[in-house]
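**Student:**
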Amino acid sequence: MRGSIFSYSASKHGNSPDEYEDAWCISPPILADADEIAGESIRVSVADGASESPFAARWAHMLVGKFSAAPLAALQNVTDLLGVLDAIGADWPHAMESYAASRTLSGRPLKWYEERVIGRGAFATLLAAELTLPVSPTSCSPDHDEGYWYAVSIGDTCMFQIRDDNLLGAFPAIPSAEFGNNPALVGSNHTDREFLPAHTLMHSGSVAQGDDFFVCTDALALWFTEQVERGCKPWTVLRDLQAIGFAEWLDGTRRAGDLRNDDVTLIHVDLW
Amino acid sequence: MAYTAEISRANPSCFVFMVDQSASMIDPIGGSGLQHKHEVVADALNRLLMELSIKCAKEEGVRDYFHVAVIGYGGSTAGPALGGDLRGQDLVSIGLLADKPLRVEHRTKKIPDGAGGLVDETVSFPVWIEPLANGATPMCKALNRSKDILAAWIARYPRSFPPIVLNLTDGEANDGDPLQAADEVRRLGTDDGAVLLFNLHVSSTGGASAVFPDTAAGLPDAYARTLFEMSSPLPPHMRNYAAQQGYSVSSETRGFVYNSDIVSLVQFLDIGTRAVALR
């Protein structure tokens, strides 16, 4: 079984590239788009920093970095998930102290509005998925082993699985009318130990030769969902983005009013 | 659908704050006997500007999602009320405003210590407006000044989220009928809807406080009822946010607050994904 991964990202129209507040990580890392997947499994982690959270981009980066190396169990049960989030949350204050110190050292101490909010923490959605690829039959091992995936989601970053040119499933499955400005978020501060499990979704499924997986942050996930609700097959466009040109397609779709103006991240796992 | 335009740097919105600085504002607010009206409105305005700045804050900067005017009215004049480096300016970007308070005070507040108790925490508190009370109450003049500022702004940003005017006052206008002047302000609008005019009424009369009421019944005096009539109904999405904050709302709910806190208004504005703590 062979496959490739393609990554696409863009900041909100009107913002500079360094104001992009999503984050993504693929493990093991790919050196270039379309490179063959190395190894038997891959981990895709995507986070979407909340706009109103000044340090959201840092938090989103920290989340995806840590989840790329987290045990698979963190994607399979809430206890292990909380253990990983506890560890990341414990690192966050030190990261912010270091950041504040570096600002002071460089002669640019935190502004009053940064001081006001630094204690409030930062927030982001999170989707982490691990795909174990199916093994092709060989002369030594004639049986075809099916692959499988596990994923955890908090918020409205979504993964869509396509098989035989049909949508096999969306995770999480969110109707277009339910996308909004108040998704569940992972916060950097410990507050409520019961609330996060109530907003955590975990799921698993099979992986087969020819499948496509699309992991999308909310604006693109909403567009994808709306297209499906209209009976369209949005994956046909997303599969061809290398040829179409992501920037051109994004610009045209935004200008047509079909895609909400927001940071956009897409990870496409294409299994041949 | 109205009131759905994106608020961004490319497509900013506008806030005009009108602050009553007339002599009657020196009187104490009803029921407290301690706080004076000019101190209450200055504190409310400073907190509104602070929360608006924080809403737009990013690392090392505040994004210019809003243009802001602060008009003071008292005596015979109605004009720009910001001081320091911003003195004399009608409209400033929220980023510039955040960087140019008159001063940043350090105040102590109580926060939970995580073990059921409270501890003191020192927080920064920017100050842009000082309490002031002097002369007559030219509210109509201030409304007309707002109208002029907004007419020019709307010509520049015709597709923006509609501007919001917030009047902080004891309601004792004495330069004409503010209902007519308010109506002229509310007739302005962008492609996304009419200008929203809201009022914070700080009063010496006392009586029950009211937050986003849907009727003037129960308001204690003619000033309160006039300010209620001047106030725009909350658009549907703002009503939803008000309901989420526990306020009782209906389709008649107005952007009017009587002797209570209006800073929650900032939370009714959408600039992207909201930061709501889950853990």
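Sequences listed follow chains A and B, in order. Counted the way the numbering used here counts, the first sequence spans residues 1 to 272. Counted the way the numbering used here counts, the second sequence spans residues 1001 to 1279. All residues carry an ideal CB built from backbone N, CA and C; glycine is no exception. Keep in mind it's a predicted model, so treat the numbers as computed, not measured.
Quick one: list the residues of chain A neighbouring D1270(B), beta-carbon separation under 8 Å, in chain order.
**Tutor:** From the beta-carbon of D1270(B), the residues of chain A found nearer than 8 Å are N181.
**Student:** Using the C-alpha atoms, what's the distance from H13(A) back to G252(A)?
**Tutor:** 12 Å
**Student:** Hey, quick one: how far does the alpha helix (DSSP H) through S1053(B) stretch, first residue to last?
**Tutor:** K1037 to K1055
**Student:** Within 7 Å (strictly less), CB to CB, does R239(A) reach chain B?
**Tutor:** Nearest CB-CB separation between R239(A) and chain B: not below the 7 Å threshold.
**Student:** Run down chain B in chain order and give the residues with a C-beta less than 7 Å from the C-beta of S51(A).
**Tutor:** Neighbours of S51(A) on chain B, chain order: I1271, G1272 and T1273.
**Student:** Would the beta-carbon of A1133(B) fall within 7 Å of that of M1018(B)?
**Tutor:** No, the pair does not count as a contact, with Cβ atoms beyond the cut-off.
**Student:** Would you check if the region 217-229 of chain A and the region 175-188 of chain A touch, i.e. whether three or more CB-CB distances between them fall below 8 Å?
**Tutor:** yes
**Student:** Residues of chain A with a CB under 9 Å from the CB of A1098(B): which are they?
**Tutor:** K111, W112 and Y113
**Student:** One question on the structure: do Y1073(B) and P1138(B) come within less than 7 Å of each other, judged by their Cβ atoms?
**Tutor:** yes
**Student:** With the cut-off set at 7 Å, would you say F1212(B) and T1253(B) are in Cβ contact?
**Tutor:** With respect to T1253(B), F1212(B) sits close: the two C-beta atoms are nearer than 7 Å.
**Student:** Which residue wins for smallest C-alpha separation from D165(A), given the options P172(A), L63(A) and Q209(A)?
**Tutor:** Q209(A)
**Student:** Decide if E248(A) is buried, meaning its Cβ has at least 16 other Cβ atoms within 10 Å, or exposed.
**Tutor:** Exposed is the call here.
**Student:** Which word fits L1278(B), buried or exposed, when buried means at least 16 other C-beta atoms lie within 10 angstroms of its C-beta?
**Tutor:** In this prediction, L1278(B) has a pLDDT of 40, which is less than 50 and means its spatial position is unreliable; nothing more can be read from the coordinates.
**Student:** Among the residues of its own chain, which have a CB less than 7 Å from the CB of R1063(B), if the five just before and after it don't count?
**Tutor:** R1009, C1056 and G1095
**Student:** Quick check: what's the CA-CA separation for S1022(B) versus S153(A)?
**Tutor:** 55 Å
**Student:** Can you give me the Cβ contacts of L1234(B) inside the same chain, cut-off strictly under 6 Å, excluding the 5 residues immediately before and after it?
**Tutor:** T1253 and G1255
**Student:** Got a sec, what are the start and stop residues for the beta strand (DSSP E) A10(A) sits in?
**Tutor:** G3 to A10
**Student:** Should V1165(B) and L1197(B) be called a contact, given that it needs their Cβ atoms to be closer than 7 Å?
**Tutor:** Against a cut-off of 7 Å, the Cβ pair of L1197(B) and V1165(B) comes out as a contact.
**Student:** Are the C-beta atoms of V1104(B) and some chain A residue less than 7 Å apart?
**Tutor:** yes
**Student:** Could you give the C-beta distance for D18(A) and A47(A), rounded to a whole number, given that I count them as a contact under 8 Å?
**Tutor:** Contact check for D18(A) and A47(A): beta-carbon distance about 17 Å, past the 8 Å limit, so the pair fails to qualify.
**Student:** Skipping 5 residues on each side, what residues in its chain have a beta carbon closer than 6 Å to that of V1070(B)?
**Tutor:** Here the set comprises F1017, A1081 and L1082.
**Student:** For a contact meaning CB atoms closer than 7 Å, what does I1054(B) contact in chain A?
**Tutor:** Y113, R116 and V117
**Student:** Below 7 Å between beta carbons: does that hold for Y148(A) and T132(A)?
**Tutor:** yes
**Student:** Which value, in whole angstroms, describes the spacing of the CA atoms of A1115(B) and V237(A)?
**Tutor:** 54 Å
**Student:** Taking the alpha helix (DSSP H) that K1110(B) falls in, what are its first and last residues?
**Tutor:** Residue range R1103 to P1112 is occupied by the beta strand (DSSP E) that includes K1110(B), with no alpha helix (DSSP H) assigned at that position.
**Student:** For T125(A), list the residues DSSP reports as bridge partners.
**Tutor:** D48(A)
**Student:** Cβ atoms of S53(A) and F123(A): under 7 Å apart, would you say?
**Tutor:** yes
**Student:** To which residues of the same chain is P172(A) closer than 7 Å at the C-beta, ignoring the five residues directly before and after it?
**Tutor:** S153, C158 and L201
**Student:** If you follow the alpha helix (DSSP H) that Q227(A) is part of, which residue opens it and which one closes it?
**Tutor:** D218 to E229
**Student:** Just to confirm the assignment, what range does the alpha helix (DSSP H) spanning I118(A) have?
**Tutor:** W112 to I118
**Student:** Could you check the C-alpha separation between E1121(B) and F1161(B) for me, to the nearest Å?
**Tutor:** When the Cα atoms are used, E1121(B) and F1161(B) turn out to be separated by approximately 37 Å.
**Student:** How long is the line joining the alpha carbons of N1167(B) and Y1223(B), rounded to whole angstroms?
**Tutor:** Cα to Cα, the separation comes out at about 13 Å.
**Student:** Which residues mark the beginning and the end of the alpha helix (DSSP H) in which V237(A) is found?
**Tutor:** W235 to R239
**Student:** Taking CB distances under 7 Å as the criterion, tell me whether G83(A) reaches chain B.
**Tutor:** no
**Student:** Cα separation between Q1267(B) and Y1241(B)?
**Tutor:** 8 Å
**Student:** Let's test the definition: count the other Cβ atoms within 10 Å of the Cβ of I1111(B) and tell me whether it reaches 16, buried, or not, exposed.
**Tutor:** Under this definition I1111(B) is an exposed residue.
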